[in-house]
């Protein structure tokens, strides 16, 4: 990420791990680059609370939310910032995703789990390209890396809703942050884009943890689809995708083979 020359990097971990993390950074990050890095902590692991903590202290006009297991192409920031600069109606930008390091491996050493994850990433890229072509919409601005206008994420209303979302009025949502952000953009009149000139590379799980991960993503996708179904603005703007979303969510009792489905609608003008 430092190769992209960001203004700052904010890392949010837990109180139990912050000391170890600082030691690792001091060991591997050049001293001249350390001034860009700020390490914060929260008491217990919670992705939404960690993201909110970082958003609150970020100082740039554009905030890029990223997981800790991704690698960026060297010009990723330039590519996504260009979209936000040229299109004022765009509130968030996602990128392509690829499995890290598999191309350089002997095919015989790649596990079935890694192959499945690589396929899921490829299908996700196809999904987003297809939905963009159909009506300019996005399935989801991936939580692995996505850029947003800071004024959207820093809005107190957004942060409150983001950290206090519940399912069925009982279950507090700790994951599904990317689905929430995507819905928020469209419900508040912003558009989303995919920058195909930028790619992030993510580690593909090499064992059966892939199943648990895919189930979690599929669950989050179905919860988000259910919330979209009851959005009057989305029904009004694009009826056909709403019906496709409803049918997909109702008929597919098992997770989709690649963890995503066409569930995002054409954005409204701000």
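Numbering (the numbering used here), first residue to last: 216 to 485.
Backbone N, C-alpha and C define an ideal beta-carbon position, used for all residues, glycine too.
query                                                                                                                    : result
Cβ pair residue 270, residue 296 closer than 8 Å                                                                         : no
Given residue 219 as reference, the closest of 273, 291 and 342 once Cα atoms are compared                               : 291
Cβ-based neighbour list, residue 227, same chain, cut-off 6 Å, excluding 5 preceding and 5 following                     : 255, 265, 268 and 269
C-alpha distance - residue 367 paired with residue 417, whole-angstrom precision                                         : 26 Å
Cβ distance (whole Å) where residue 389 is taken to contact residue 262 below 8 Å                                        : 6 Å
Span of the alpha helix (DSSP H), counted from its first residue to its last, around residue 298                         : 291-301
Paired residues, beta bridge with residue 281 - DSSP                                                                     : 360
Cβ pair count under 8 Å reaching 3, the stretch 240-247 against the stretch 306-314                                      : no
Residue 309 vs residue 407 beta-carbon contact at 8 Å                                                                    : yes
Range of the contiguous beta strand (DSSP E) that encloses residue 308                                                   : 305-314
Nearest residue (CA-CA) to residue 259, options 399, 230 and 391                                                         : 230
Distance between beta carbons of residue 400 and residue 306, contact taken as under 8 Å                                 : 5 Å
Proximity to residue 412 [Cα-Cα], best of 279, 287 and 253                                                               : 287
Residue(s) in a DSSP beta bridge with residue 253                                                                        : 225
Local conformation of residue 417 per DSSP, three classes                                                                : strand
Option in 373, 353, 322 and 361 with minimal Cα separation from residue 294                                              : 361
Residue 223 versus 279, 257, 343 and 346, residue with shortest Cα-Cα distance                                           : 279
Buried or exposed by the 16-neighbour rule on C-beta atoms within 10 Å, applied to residue 375                           : exposed
Nonlocal neighbours in the same chain, by C-beta distance under 7 Å from residue 365, ignoring five residues either side : 273, 275, 276, 277 and 278
Candidates 221, 257 and 253, of which the one nearest residue 232 by Cα                                                  : 257
CB-CB length for residue 335 against residue 282, believed under 8 Å                                                     : Their Cβ separation, rounded to whole angstroms, is 16 Å, which puts residue 335 and residue 282 out of contact at 8 Å.
Candidates 355, 410, 415 and 414, of which the one nearest residue 396 by Cα                                             : 355
DSSP three-state assignment for residue 406, whether helix, strand or coil                                               : strand
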